[in-house]
Amino acid sequence: MEIHFQKKWDDLIRKLNQRFQDEMDIQKILFVIGLQEVGIQLEKLNKDQKLDVMHVAICTLLEPYGYYEYDGRDKDNWPHWKVVKSLPRLSDKEQEQLIKQGIIDYLMPLT
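The numbers in the working numbering rise by one with no breaks, and the one at position 99 of the sequence shown is 320.
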């Protein structure tokens, strides 16, 4: 299963690198997903806003696994989630794998 997962990840990264003409990594992908979910164009964002965009991406990716539930948008039209269940204690590698799987599940139907 690890080999199959790695192949899917490598294929996705290759497609994203071609599409964005950049070397995409997890942070860049999270930022793009967050921008998509917030519904804003790439614009000048301060550091806190960039972190908020990435948080939106994380919530979006982990919602299907039951960790978050969409709670609506605020007055500035930013999406919000509520925590449904806490994430288990994961090693750094396990956290990365969970995020990568979420990215694959989110983006593969679009590629």
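All C-beta atoms, glycine included, are put in the ideal place defined by N, C-alpha and C.
Is DSSP giving residue i helix, strand or coil here?
i    : result
E223 : helix
G255 : helix
V274 : helix
W299 : coil
Taking the straight line between their C-alpha atoms, what separation do you get for residue i and residue j?
i    : j    : result
H225 : Q318 : 13 Å
D313 : G323 : 15 Å
L233 : I325 : 7 Å
G293 : Q262 : 20 Å
Y286 : L311 : 15 Å
L308 : H276 : 14 Å
L237 : E284 : 23 Å
L272 : K228 : 29 Å
E258 : Y327 : 11 Å
R235 : D269 : 30 Å
I320 : I279 : 8 Å
With respect to the beta strand (DSSP E) encompassing residue i, which residues constitute its N-terminal and C-terminal limits?
i    : result
G293 : Y289 to R294
Residue range of the alpha helix (DSSP H) that residue i falls in?
i    : result
L319 : D313 to L328
My assumption, with CB atoms under 8 Å, is that residue i sits in contact with residue j. Please give the rounded CB distance.
i    : j    : result
V305 : Y291 : In fact, because the Cβ distance is near 10 Å, the residues do not count as touching under 8 Å.
L266 : V274 : 7 Å
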